[in-house]
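Chemist:
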Amino acid sequence: MKKFKWLAITSFAAGMLVVAGCNSESTSNGAKEQPSTTETNEEVALEPITINPNIDADAVIQSEGPYGETAVSASTLELTVEDIEKIREGNYKAALVMHYAGNDWSNAQINGLQKTFEKMGIEVIAVTDAQFSAEKQVSDLETVMARNPDIIVSIPTDPVSTSSAFRRAAEQGIHLVFMDNVPSNLNHNEHYVSVVSADNYGNGIAAAEVMAEELGGDGKVGVVYHDADFFVTKQRSEAFEATIQEKYPNIEIVARSGISGPDDGLQVASAMLTTNPDLDGIFGVWDVPTEGIVAAARTAGRDDLVITTIDLGANVALNIARGGSIKGLGAQLPYDQGVAEAILAGYALLDKETPSYVAVPALTVTQDNILDAWEMVYSTSAPQEVQDAFQNN
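Numbered by mature numbering (1 follows the signal peptide of the UniProt record, and there is no 0), the letters in the sequence shown go through residues -20 to -1, 1 to 373 in order.
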């Protein structure tokens, strides 16, 4: 297998089907009833819980937290056997209140959370999918709160309109751990335990470096950004643009267009290519809308277009493995983000001090390291289709 390389500040690092264990029926409000994970606790061997030890603990994290905090590396987090024993005595319950549960990133987070909570003897009583609707997420929260969980792990769909609901959960005594973003006017320690994300700025740098390498440092590119108040996706686009502008003076960003949701990539990219037929490359802010960019390029007869993005979803992995138009990306490590979120929930139950912002290092992915990268991102082997495509190219 080809070795992966972590992103470094001063050099270019060369070169889901993960299914959450939620095989249960949905309730009328979209919350999934979860089978108890405490019944088999005696079968789970006790050992310290950390994120994947193969992740470079010394990697420099470029991202800042939602309030400008310096990141604490997720590699520093640990629950000891003694910690786990204390937590298991509490018979705690947790709920996962997702913004969206229909992509590889979300499924990997859920998988990491559920497996780690199982080791901790914590029962996951619900997993909800707001389908990118703030109104539905507020409803999901209210339904989950009625079941009195000790922990809620969530990613707010909108930091403003969900704020009051999350505040009510905190006032109810529920420990809140956030993914990627925090609701407005909520404070660390007072209202929430911590927020965990990838190094999104670092991933934006990775996508820019891949783009520059493929273009030979010269060309015209477009940026498809997320037109929403979401600090992690802003960091990706900002990092991509800053890296191109500061390091590659012969690459010009000539077009910028925003998307409001994952299904907007095709329309936005089609318009961008119509207006700028001489584009050499397009950056997409995450993998799902980038699939639309690929489709737009194909329709326009632009198989030569260089595309980079963030997030290693199954479809973009297959495109990369085949040597398609997506030449590489910056990958989050969502499974390990889930592990880190569960550990931080454990810290809260034990009244341990928690950092306000935790991040997992960035990972550059190209065709050269696609199989090793998949295993690092999802803690499982790449789908057979991806493996076959890699072997045949």
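Idealized CB from N, CA, C, for every residue including glycine.
Among residues of its own chain, excluding the 5 on either side of D368, which ones have a beta-carbon nearer than 6 Å to its beta-carbon?
Modeler: If we look at D368 and ignore the five residues flanking it on each side, it has no Cβ neighbours.
Chemist: Hey, could you find the ends of the alpha helix (DSSP H) D120 is sitting in?
Modeler: Segment A114 to M125, the alpha helix (DSSP H) holding D120.
Chemist: List the endpoints of the continuous beta strand (DSSP E) containing R345.
Modeler: The amino acid at residue 345 is misidentified as Arg; the sequence shows Val. Start and end: L343 to T346.
Chemist: Answer yes or no: do I262 and L285 have a C-beta to C-beta separation smaller than 8 Å?
Modeler: Yes.
Chemist: Would you call D63 buried or exposed, if buried means 16 or more other Cβ atoms sit within 10 Å of its Cβ?
Modeler: D63 comes out buried.
Chemist: Counting beta carbon pairs with one atom in the stretch 39 to 56 and one in the stretch 292 to 310, are three or more of them shorter than 8 Å?
Modeler: In short, these stretches do not touch, since the Cβ pair count stays below three.
Chemist: Within 10 angstroms of its Cβ, does E243 collect 16 or more other Cβ (buried), or is it exposed?
Modeler: Note on identity: in this sequence residue 243 is Asp, with Glu being the wrong assignment. Label assigned to D243: exposed.
Chemist: For P346 and G310, which I take to be in contact (beta-carbon distance under 8 Å), what is that distance rounded to the nearest angstrom?
Modeler: Sequence inspection shows Thr at residue 346; the Pro mentioned does not correspond to that position. The Cβ separation is near 11 Å, so there is no contact.
Chemist: Contact between the stretch 107 to 120 and the stretch 130 to 138: three or more CB pairs below 8 Å?
Modeler: A contact exists between the stretch 107 to 120 and the stretch 130 to 138.
Chemist: Hey, could you find the ends of the alpha helix (DSSP H) D258 is sitting in?
Modeler: No alpha helix (DSSP H) holds D258; DSSP gives it neither H nor E.
Chemist: For a test of the three-state rule: what should DSSP assign to V(-2), helix, strand or coil?
Modeler: Unreliable positioning characterises V(-2) in this predicted model, as indicated by a pLDDT of 30, which lies under 50. A coordinate reading is not provided.
Chemist: For K244, which three-state DSSP category applies?
Modeler: Note on identity: in this sequence residue 244 is Asp, with Lys being the wrong assignment. Here D244 sits in helix by DSSP.
Chemist: Out of curiosity, what's the CA-to-CA distance linking A145 and N180?
Modeler: Going from the Cα of A145 to the Cα of N180 covers about 27 Å.
Chemist: Classify T254: buried if its beta carbon has 16 or more other beta carbons within 10 angstroms, exposed otherwise.
Modeler: Counting Cβ neighbours within 10 Å, T254 comes out exposed, since fewer than 16 surround it.
Chemist: Within 10 Å of its beta-carbon, does E321 have 16 or more other beta-carbons around it, so buried, or fewer, so exposed?
Modeler: Result: buried.
Chemist: Measure the Cβ-Cβ separation of G293 and G92 and say whether it is below 8 Å.
Modeler: Contact: no.
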